[in-house]
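In this note's numbering, the protein residues as written are 5 to 143.
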């Protein structure tokens, strides 16, 4: 897409070739995204870039920013460089980080595993009064 002459007026390398610029976001979304992706939503495109480790470079001062359609967006990735297709295989999707609220614990053999289950019907009738059942499982 970035090297396609048909999209050159919407997406292009910067002078140094270490980042790329998307201009006229609205027209880019309508004309280019749909032919390369299942969508033409610029926000989804940006989300995909972020998932692969790309970073937005802010060059426009906040006071001078216009509507999203007219803005110019610049993105970089340390392994996405003009003339270096050999680095593309090293760009990987970020792994999902584990949920810090979930406690990871190894259960030892012979421990009793307590399971508390709620029945939704008991939470609805009468309202606000749930019943719980306690089950014990031995490993």
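For every residue, glycine included, the Cβ atom is placed at its ideal position computed from N, Cα and C.
Would you grab the beta carbon distance between residue 79 and residue 59 for me? Rounded to a whole angstrom, and I think it's under 8 Å. On the chain shown, residue 79 is found 75 positions in, with the first residue counted as 1. On the chain shown, residue 59 is found 55 positions in, with the first residue counted as 1. So it is a contact: roughly 7 Å between Cβ atoms.
Report yes if the CB atom of residue 16 is closer than 8 Å to the CB atom of residue 29, and no otherwise. Numbered from its first residue, the chain shown carries residue 16 at position 12. Numbered from its first residue, the chain shown carries residue 29 at position 25. No; because the gap between Cβ atoms is not below 8 Å, this pair is not in contact.
Cα separation between residue 40 and residue 94? Here residue 40 refers to the residue found at position 36 when the chain shown is read from its first residue. Here residue 94 refers to the residue found at position 90 when the chain shown is read from its first residue. Take the alpha-carbon of residue 40 and the one of residue 94: they are about 21 Å apart.
Whole angstroms is fine: what's the gap from residue 100's alpha carbon to residue 52's? In the chain shown, counting from the first residue as 1, residue 100 sits at position 96. In the chain shown, counting from the first residue as 1, residue 52 sits at position 48. Those two C-alpha atoms are separated by around 14 Å.
Helix, strand or coil: how does DSSP classify residue 19 here? As a first step, residue 19 is located in the chain shown; it is residue number 15 there, counting from the start. Coil.
Return the Cβ separation of residue 98 and residue 57 in integer angstroms, given the expectation that the two are a contact with Cβ distance under 8 Å. One-based indexing of the chain shown puts residue 98 at position 94. One-based indexing of the chain shown puts residue 57 at position 53. About 6 Å separates the two Cβ atoms, so the contact holds.
What's the gap between the Cα of residue 9 and the Cα of residue 83? Within the chain shown, the letter at position 5 stands for residue 9. Within the chain shown, the letter at position 79 stands for residue 83. For residue 9 and residue 83, the distance between alpha carbons rounds to 22 Å.
Leaving out five residues on either side along the sequence, give the residues of the same chain with a beta carbon under 7 Å from the beta carbon of residue 22. One-based indexing of the chain shown puts residue 22 at position 18. Closer than 7 Å at the Cβ level, and outside the excluded window around residue 22, lie 80, 85.
Determine the direct distance from the alpha carbon of residue 6 to that of residue 102, and round the result to whole angstroms. Counted from its first residue, the chain shown places residue 102 at position 98. Counted from its first residue, the chain shown places residue 6 at position 2. Just so you know, the alpha carbons of residue 102 and residue 6 end up roughly 34 Å apart.
Return the CA-CA distance between residue 12 and residue 54, expressed in angstroms with no decimal places. Residue numbering aside, residue 12 sits at position 8 when the chain shown is read from its first letter. Residue numbering aside, residue 54 sits at position 50 when the chain shown is read from its first letter. When rounded, the distance between both Cα atoms is 22 Å.
Do you know offhand how far residue 91's Cα is from residue 61's? Translated into positions along the chain shown, residue 91 becomes position 87. Translated into positions along the chain shown, residue 61 becomes position 57. Their Cα atoms are separated by approximately 21 Å.
Run through DSSP, which three-state label would residue 27 get? Locating residue 27 in the chain shown gives position 23, where the first residue counts as 1. Note: residue 27 maps to coil in three-state DSSP.
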